[in-house]
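Novice:
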Amino acid sequence: MRNELVAWRGTARQMWARLEQGNRRWAAGTSHRPRQDPERRKQVATSQAPYAVVLSCIDSRVPPEVVFDVGIGDLLVVRTAAHTLDSLGIAAVQYGPQDLRAPLVVVLGHQRCGAVTAAARALRGRETLPGELPHVVAALEPAYASSDGQVEPMVRAHILRTVSRLRADPLLYGAATVIGAYYSLDTGLVTRMA
Ligand SMILES: [Zn+2]
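Sequential numbering of the sequence shown, starting at 1, is according to UniProt numbering.
(1) Any heavy atom of ligand 1 closer than 6 Å to the Cβ of D69?
(2) Which one of R167, H32 and V190 has the shortest CA to CA distance from P103?
(3) Any heavy atom of ligand 1 closer than 6 Å to the CB of A82?
(4) With DSSP as the reference, label I179 as helix, strand or coil.
(5) So is R18 buried or exposed if we call it buried at 16+ other beta carbons inside 10 Å?
(6) In chain order, what residues of the same chain lie with their CB nearer than 6 Å to the CB of V155, ignoring the 5 residues before and after it?
(7) Pick helix, strand or coil for G131, following the three-state DSSP scheme.
(8) Taking 6 Å as the cut-off, is the CB of A115 close to at least one heavy atom of ligand 1?
(9) Would a C-beta distance cut-off of 7 Å place G22 and V70 closer than the cut-off?
(10) Measuring only the C-alpha atoms, how far is Y182 from V163?
(11) Give the straight-line distance between the Cα atoms of H83 and V106, rounded to the nearest whole angstrom.
(12) Identify every residue that forms a DSSP beta bridge with T191.
(13) How many angstroms separate the CA atom of A120 from the CA atom of P153?
(14) I need the straight-line Cα distance from residue 203 to G125, nearest angstrom please.
(15) Would the beta-carbon of D148 be found less than 6 Å away from any heavy atom of ligand 1?
(16) Is there at least one non-hydrogen atom of ligand 1 closer than 6 Å to the beta-carbon of D59?
(17) Buried or exposed for Q150, going by 16 or more other Cβ atoms inside 10 Å?
(18) Please name the residue, chosen from T80, S184 and T191, that lies closest to L139 on a Cα-to-Cα basis.
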């Protein structure tokens, strides 16, 4: 435990395997809830070395640290509605590989996404949502167009589009492996997509 801060880092493939193992524990109801104690808090109080960035939705049912069964200091988490991105969101993702040398970026979409459902409804009915919400709708419009407005295909299309966008990012290219994944609310399982 004492030297884990550095020892935890490995290749993107190894880090994904670690997340997958944690997710299998979560889905099976056998979470370890690792590295969530005062010792770990002290260990990472003055420095951090998260081994992955997770870009995910704000949905209250999909907290990345819980669904991957990891602890504090393990993940750099960026969350927006349906993991839509603007320049600030991209900057937050870039921070992981650039400044903290995290080798893996996971784009995590999920089943029955409320933001995707609301955007699909607004686009179908040509409604304008209040406040800043039209920004989310606009960000999801390409996925809507490529999936006939059906929510689950739209979620998956949006994950793949986001992966492509991040893979083409000049700061992430060569610095991190970007993969897409889908979380099932029904089973608790994360499935890798790309
Ligand atoms: Zn969502």
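By construction, the Cβ of each residue, glycine as well, lies at the ideal position given by its N, Cα and C atoms.
Specialist: Looking at the coordinates:
(1) no
(2) R167
(3) yes
(4) strand
(5) buried
(6) G109, C113 and V116
(7) coil
(8) yes
(9) yes
(10) 12 Å
(11) 11 Å
(12) Y182
(13) 11 Å
(14) This structure gives no information on residue 203, because the portion of the chain shown stretches from 1 to 194.
(15) no
(16) yes
(17) exposed
(18) First, the amino acid is wrong: residue 139 is Ala here, not Leu. Measuring from the Cα of A139, the nearest candidate turns out to be T80.
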